[in-house]
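Counting in the working numbering, the first sequence runs from 6 upward without gaps.
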Amino acid sequence: MQLDYPSYLEPLNSEQRRAVLHTGKPLLILAGAGSGKTRVITTKIAWLIREQGMDPRSILAVTFTNKAAKEMIQRARQIEERAGDAMLRTFHSFGAWFLRRNGSIAGLDSGFVIYDDDDVVSLLSSIMENTSRPDIRFYANSISRAKDYFLGPDDPGLGIINHHKKFRDIYKRYEERLAQIGNVDFGDLIKKPVEILRSHPEVTQRFRDRFSVIMVDEYQDANVAQFHLLKELCGPSTYVCVVGDDDQSIYRFRGAEVKNILEFPDRFSGADIIRLEQNYRSTSSILKAASSVVDKNKGRLGKTLFAEKGDGSNPELVSLFNQDEEASFCADKIENSVKKKETTWSDWAILYRTNAQSSVFETLFSRRRIPYNVVGSLEFYKREEIKDALALLSFLVNQRDEVAFRRAVNKPARGIGIVTVHKIIETSITSGENLLEISRKLKLSQKARTGLNEFIKLIEDGQALLDGQIIHQTESKKQKLKSGKGLSVCVDMLINNSGLAKHYKMQDEISGNSKIDNLQQLLNNVKDYPNTREGLLEFLENINLDRTLAEEQKDAKEAVTLITLHNTKGLEFKRVIMTGLEQGTFPREDKKGSELEEERRLFYVGATRAMDELYLTTCKQRFMWGRYENRTPSLFLLEVDKSVLKGKLDGGSRQAAFPMGRQFPKSFNPFNLANNELEERSGWRVGQRIFHDNHGYGAVTEIKDSDDGPLVRVRFENGHDKRFLSEFQGRAYEKIGDDY
DNA sequence: TAGTTTTAAGTTTTT
DNA sequence: CTTAAAACTA
């Protein structure tokens, strides 16, 4: 039989197919959860290339997370290989790409570095002296929101964001300072391109010629500035297609405007609307449970979503005593089902509201040897040692970067105090010369001069390395540099010659940290970038736009997923456990009105990730601020339709035998028969099996005396060799079971 | 100025 | 419980 459309459109339903084949006018696709919108977008990209003869390079598709972008390009390529040449980015990464090429029009050097929120606070703190940290954060947040709404410091409407009189002035000074430095913040990645496009018609024309198709996914989470960017990129002949669902809007806290969806038909005249209302993902009982909560929201378009699948088993409400029992429940449930071969590890996801909640699961899962992946935790980046190294790298590409300079110049201590640092920065601002030049010529005390010269030498050596010179004196060092890979050559030199490596190595031995390991991980992460200025810039841009890149790439495919609710957008799992359903955790206690509605939508997003089974857990107590705090069940558990819910809010009366994390009381030492003086004095014993939250299982291999007391050496199953001073025992190292 | 000790404060969510 | 800022000492 002859089909009137290509075979790869066959799996689509009629509405999905209509969306793929739609051409001409602007298109708004209102796509409910699990209605196959990713499939529609990817198929549409393939169809445009294959059937319409479209050049892949003229297609721009925008998503909101890097994870979604990667998945989308992969799925499109499965249908049509050439889809790999289409431009698929997040809004912010598109903005960065745009500014690297066109920023010079607005006076921006192509070598800019992107400031994250902490950097913004740091810069702002030098503008707002004598201001408390929380206040600075508040103003930093206001500036960021203002940019989301495309409001500059001179905009009359600025009062809506922050009505304080001094806000306008602070914003203005911040912008001036940032311009002097030559870097940008997240908001600039959207706002600046719009400004350039508006003031330079020839640039706009170039972009309109380049992109004839623009698609935007998760349009409900676009902010006002992003709407303006889209509008500028769309010429009269551009085909524009946006996909969204107002019920899944979960980023209003950072400026997302659902109005963008509501007003799309007005802003893009003649727009067609296609609704995808058939849900293919979840059982109808899961869908019903999810909808019954979001139904309580007042401000919504309202939609009918039909489940394709049958009823399935009802979502199960599980009441537990505390977060340790919650973790045990999850572990048992998952383990049993995998043992019975009902599921594999990767069929399961554990969802929580805040990143901090992952640690209980991580500890228990590694103890029970359940493989897991934590998605998108920011931890790696927040680490002191990583920030130190990155500050050095940022300063290497931009010697006006006072934020990076401040952090790097006296770490480890080189005898350069705040007075000196302040003097250098002030002189640089007034004279216009960069911080390195000022550092070279400024008259200083002998002590500060010596330290500063070390720092200058370090930066000069780094620059020389990026320029392809090998600068080191000793043969062994030269050898080491030659054998290094890519950018890790330069980074390795920096962290060693700066003294950071030595500094943290000492710290690790005293406290049992693994900061050196993290720096090592950083080296590993940069090894594939070329050892040039361009390579370094590319690396810095990538990690600032996608923090998950810095994490250890241990993506074992067969593993349970631990993930925040926000990060689950666009994903699906056979079985989902939503945890921490308590007032104060989810929803957060202080949420009411429109913010509470956003939490409800978050519940909806989380619940609709589940294909076959959904569990909702709540605890009577939770360990917070060093105490067990009593909790009451989440409002959402009262709101969810009881006719599709298994279980009641009763359990959890059972007292936990031992809180997790400390199976033995502190005083408990099963090996008090130490046979030599050192073992007795240290409280440890060679052969003792131990468990460490970060490193897993291991055994004591050696105890020796040192200036600071007995030093215990541990060999871990993951191959790592660690040492720690015995007086810090019990903090991170836990004795378990028998000797080897 | 550097390093240590004390005290206070604080948990969203992410590009 | 952790982290950050402030106060204190060498």
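Cβ coordinates follow ideal geometry from the N, Cα and C atoms, glycine included.
Quantities reported herein were computed from a predicted structural model and do not represent experimental measurements.
- Between the beta-carbon of D617 and that of T288 there is about 6 angstroms, and that keeps the pair under the 8 angstroms contact cut.
- Excluding residues up to 5 positions away in sequence, A227, N228, V229 and F232 lie with their Cβ nearer than 8 angstroms to the Cβ of E262 in the same chain.
- Y176 is a Cβ neighbour of A151, given a cutoff of 8 angstroms.
- Considering only M629, I695, A354 and G39, the residue with the shortest C-alpha distance to N284 is G39.
- Sixteen is the threshold: when 16 or more other Cβ atoms of the shown chains lie within 10 Å of the Cβ of R94, as they do, the residue is buried.
- If you draw a straight line from the Cα of Y633 to the Cα of F326, it is about 11 angstroms long.
- Counted as a single uninterrupted DSSP element, the beta strand (DSSP E) harbouring A615 occupies residues A615 to C624.
- Buried is the label assigned to N265, since at least 16 other Cβ atoms lie within 10 Å of its Cβ.
- In the DSSP assignment, T43 falls within the alpha helix (DSSP H) that extends over K42 to R55.
- The three-state reading of DSSP puts R593 in coil, since its state is none of H, G, I, E or B.
- For E134, the three-state secondary structure derived from DSSP is coil.
- Taking all protein chains in view, the Cβ of L643 is surrounded by fewer than 16 other Cβ atoms within 10 Å, so the residue is classified as exposed.
- Within the DSSP secondary-structure output, W350 pairs in no beta bridge.
- At a Cβ-Cβ threshold of 8 angstroms, I429 and L401 do not count as neighbours.
- Between the alpha carbons of L53 and H27 lies a distance of about 10 angstroms.
- Remark: three or more beta-carbon pairs, one from each stretch, lie closer than 8 angstroms, so the stretch 266-284 and the stretch 306-317 are flagged as touching.
- A336 has its alpha-carbon roughly 43 angstroms from the corresponding atom of S12.
- Judged by DSSP in its simplified three-state form, V298 adopts helix.
- Nearest to V379 by alpha-carbon distance, out of R372, D160 and E367, is E367.
- Considered as a whole, the stretch 516-574 harbours 565-569 as its complete beta strand (DSSP E) runs of no fewer than 3 residues, in chain order.
- If you draw a straight line from the Cα of S399 to the Cα of E20, it comes to about 49 angstroms.
- Straight through space, the alpha carbons of G467 and L492 are spaced by roughly 11 angstroms.
- Contact between R358 and L570 holds, since their C-beta atoms are separated by about 6 angstroms, short of 8 angstroms.
- In the same chain as N518, and ignoring 5 residues on each side of it, the C-beta atoms closer than 7 angstroms to its own belong to Q512, in chain order.
- Spatial neighbours of D114 in its own chain (CB-CB distance under 6 angstroms, excluding positions within 5 residues in sequence) are listed in chain order as G187.
- The beta-carbon distance between E546 and A101, rounded to whole angstroms, is 6 angstroms. This is short enough to meet the 8 angstroms contact definition.
- Counting the other Cβ atoms within 10 Å of the Cβ of N71 gives 16 or more, which makes it buried.
- Collapsing the DSSP output to three states places C239 in coil.
- Counted as a single uninterrupted DSSP element, the stretch harbouring I175 is not any beta strand (DSSP E) but the alpha helix (DSSP H) occupying residues F172 to I186.
- Looking only at E603, V610, S599 and L654, the smallest Cα-Cα distance to K625 is reached by L654.
- V581 has its alpha-carbon roughly 36 angstroms from the corresponding atom of D533.
- A buried status is given to T623, since no fewer than 16 other beta-carbon atoms sit within 10 Å of its beta-carbon.
- Look at R259 here: in three-state DSSP terms it is helix.
- Shortest Cα-Cα distance from Y377 to any of R388, S363 and D153 involves S363.
- Of all alpha-carbon atoms in Y224, A88, L541 and A294, the one lying nearest the alpha-carbon of S648 is that of A294.
- For T368, the secondary structure class from DSSP, reduced to helix, strand or coil, is helix.
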